[in-house]
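Beneath this line is the structure, given in structure tokens, with notes to follow.
In our numbering, the protein residues as written are 1 to 417.
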């Protein structure tokens with residue numbers, strides 16, 4: 001089965017699909033990943049065919065980190081401005097790749113084009129939620145409002161509003177793109193509700209968010225990318241062996257003009273609390289002015305390898321990083337920037353594994369030091385271990401592949417909606 005996987009965004013949006021592709025290959029299928037061009041090497045490392053999509057995704061991440069900051073409509077505007085100049089070429093490349101697919105798997109920013117070409121070429125399809133959008137549980141408001149203070153009526157309205165804005169923006173963008181190039185598809189953009197009209201995989205943990213209620217939704221747990229042959233450089237291995245477990249600081253794809261301030265706060269916090277640290281540079285190129293001996297400055301390190309050897313974590317609250325830390329039994333201080341990060345920070349705090357998050361605009365040495373001391377306490381570590389045991393029981397990508405096979409091979413009509 002040739003499976004076309006469509007995603008767009010930063011590493012947190014792409015790596016789960018690399019994990020899915022690796023699992024599909026292991027099951028004898030042919031995965032093809034369409035994603036921003038900068039992730040071609042990651043796909044190649046796992047022998048996954050790749051369709052590069054245009055766009056400077058690091059520039060988009062920087063805009064989101066610096067400008068969105070808890071303002072959902074500003075976030076939509078940023079994405080809209082970024083996507084429109086690229087849209088025709090993105091559509092053309094996805095359209096070409098879709099012609100030879102046996103199944104199309106798409107997520108959030110690619111759901112409209114994925115569904116369009118699945119319908120056009122009569123190909124089975126499946127949507128993916130990396131965060132609870134298309135089939136959220138009734139007890140939660142839309143993820144743009146991470147709060148327990150809304151009653152049922154307002155929670156329901158929050159989802160109706162968010163879905164209306166999403167569909168309207170997708171339809172308007174498609175009409176503009178089609179005016180530029182009518183060959184990309186029919187005059188109207190078709191729509192089918194994920195989880196109700198087409199299958200939906202919920203790729204997040206029930207330990208953080210309970211399942212939704214849609215009849216075609218299946219919750220698999222997070223999709224982890226295994227890198228079993230990765231070996232640390234000698235200086236990293238020596239650093240880990242040279243003292244107690246360190247605190248890992250990682251802000252992932254959050255490129256921001258505030259990286260110098262953040263790096264300074266993190267380094268001073270580790271000094272004050274007497275902790276060794278591994279600081280990952282990330283897209284923001286998090287570089288302290290001076291790197292003390294108790295700090296190891298790192299590039300990309302697989303979290304599955306690193307985090308079980310750590311004492312705690314400081315991170316931005318991306319879905320993948322949040323799940324990786326908890327799965328490793330690691331309490332964390334989350335410093336969210338924008339998008340879905342405040343939501344995951346809130347949900348992780350509610351588990352009891354993490355102290356309260358600190359928005360990046362409110363970050364200080366005093367607040368981060370106090371929160372890190374809480375995270376290192378036996379209470380938080382014990383709760384993180386409990387959450388880890390729950391997450392280890394989830395099927396992840398293996399369950400996802402089995403479900404895709406079931407929908408497409410054994411029940412093709414269900415996969416076609």
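Built from N, CA and C at the ideal position, the CB exists for glycine as well.
Distance between residue j and residue i (C-alpha atoms, nearest Å)
i: residue 209; j: residue 96; result: 36 Å
i: residue 417; j: residue 3; result: Confidence at residue 417 is low in this model, with a pLDDT of 40, below 50, so its placement is unreliable and the value that follows should be read with caution. Near 17 Å, if we compare the C-alpha coordinates of residue 3 and residue 417.
i: residue 421; j: residue 9; result: Shown here, the chain extends from 1 to 417; a query on residue 421 therefore has no answer.
i: residue 17; j: residue 125; result: 15 Å
i: residue 161; j: residue 154; result: 10 Å
i: residue 168; j: residue 76; result: 12 Å
i: residue 106; j: residue 32; result: 12 Å
i: residue 249; j: residue 86; result: 34 Å
i: residue 142; j: residue 316; result: 20 Å
i: residue 13; j: residue 7; result: 7 Å
i: residue 216; j: residue 197; result: 8 Å
i: residue 408; j: residue 130; result: 21 Å
i: residue 94; j: residue 122; result: 15 Å
i: residue 151; j: residue 231; result: 50 Å
i: residue 350; j: residue 213; result: 22 Å
i: residue 295; j: residue 235; result: 12 Å
i: residue 204; j: residue 221; result: 4 Å
i: residue 120; j: residue 193; result: 17 Å
i: residue 92; j: residue 39; result: 19 Å
i: residue 206; j: residue 182; result: 43 Å
i: residue 175; j: residue 164; result: 17 Å
i: residue 415; j: residue 199; result: Unreliable placement is indicated for residue 415, whose pLDDT of 42 sits below 50; the coordinate value is still reported in the next sentence. Near 6 Å, if we compare the C-alpha coordinates of residue 199 and residue 415.
i: residue 179; j: residue 202; result: 34 Å
i: residue 379; j: residue 324; result: 19 Å
i: residue 332; j: residue 228; result: 24 Å
i: residue 335; j: residue 1; result: 41 Å
i: residue 263; j: residue 127; result: 37 Å
i: residue 147; j: residue 363; result: 21 Å
i: residue 195; j: residue 338; result: 26 Å
i: residue 406; j: residue 191; result: 23 Å
i: residue 185; j: residue 170; result: 14 Å
i: residue 412; j: residue 104; result: Because residue 412 carries a pLDDT of 48, less than 50, the predicted location of this residue cannot be relied on, and the following value inherits that uncertainty. Rounded to whole angstroms, residue 412 to residue 104 spans 13 Å at the Cα level.
i: residue 11; j: residue 53; result: 14 Å
i: residue 140; j: residue 404; result: 27 Å
i: residue 43; j: residue 149; result: 42 Å
i: residue 305; j: residue 211; result: 29 Å
i: residue 241; j: residue 330; result: 19 Å
i: residue 421; j: residue 5; result: Given a span of 1 to 417 for the chain in the structure shown, any question on residue 421 remains unanswerable.
i: residue 233; j: residue 166; result: 45 Å
i: residue 133; j: residue 281; result: 30 Å
i: residue 244; j: residue 136; result: 41 Å
i: residue 237; j: residue 308; result: 14 Å
i: residue 438; j: residue 187; result: Given a span of 1 to 417 for the chain in the structure shown, any question on residue 438 remains unanswerable.
Member of the options whose CA lies at the smallest distance from the CA of residue i
i: residue 98; options: 258, 107 and 115; result: 115
i: residue 49; options: 307, 100, 357 and 175; result: 100
i: residue 20; options: 185, 396 and 133; result: 396
i: residue 23; options: 225, 236 and 140; result: 225
i: residue 398; options: 11, 240, 26 and 15; result: 26
i: residue 386; options: 328, 179 and 400; result: 328
i: residue 357; options: 136, 342 and 56; result: 342
i: residue 55; options: 42, 47, 34 and 45; result: 34
i: residue 83; options: 57, 102 and 326; result: 57
i: residue 239; options: 279, 177 and 148; result: 279
i: residue 360; options: 391, 259 and 15; result: 259
i: residue 402; options: 145, 219 and 148; result: 219
i: residue 275; options: 281, 261, 292 and 30; result: 292
i: residue 365; options: 309, 405 and 261; result: 261
i: residue 456; options: 322, 355 and 81; result: Residue coverage of the chain in this structure runs from 1 to 417, which leaves residue 456 outside it and unanswerable.
i: residue 29; options: 37, 15 and 47; result: 47
i: residue 418; options: 303, 102, 51 and 118; result: Because the chain in this structure spans residues 1 to 417, residue 418 falls outside the shown range and cannot be described.
i: residue 318; options: 156, 310 and 340; result: 340
i: residue 384; options: 158, 189 and 352; result: 352
One or two residues paired with residue i in a DSSP bridge
i: residue 53; result: 36
i: residue 160; result: In DSSP, residue 160 forms no bridge with anything.
i: residue 127; result: 106 and 200
i: residue 93; result: Paired residue(s): none; residue 93 is not in a bridge.
i: residue 3; result: 31 and 103
i: residue 250; result: 280 and 315
Residue i at chain B interface by Cβ criterion, 8 Å
i: residue 265; result: Considering every chain present, this structure includes no chain B. It has just one protein chain.
If you scan the segment 258-323 from start to end, which runs of the beta strand (DSSP E) of 3 or more residues do you find wholly inside it?
List check, beta strand (DSSP E) in window: 277-280, 295-298 and 312-315.
Could you check whether the segment 106-115 touches the segment 291-303, counting it as contact only if at least three pairs of C-beta atoms, one from each stretch, sit closer than 8 Å?
In short, these stretches do not touch, since the Cβ pair count stays below three.
Does the pairing of the segment 265-276 with the segment 364-371 give three or more beta-carbon distances under 8 Å?
Three or more beta-carbon pairs separated by less than 8 Å link the segment 265-276 to the segment 364-371, which places the two stretches in contact.
If you scan the segment 168-241 from start to end, which runs of the alpha helix (DSSP H) of 4 or more residues do you find wholly inside it?
234-241, all fully within the segment 168-241.
In the segment 324-390, which residue ranges form an unbroken beta strand (DSSP E) of at least 3 residues, counting only runs that do not cross its ends?
With a minimum length of 3 residues, the continuous beta strand (DSSP E) runs that stay inside the segment 324-390 are 332-334.
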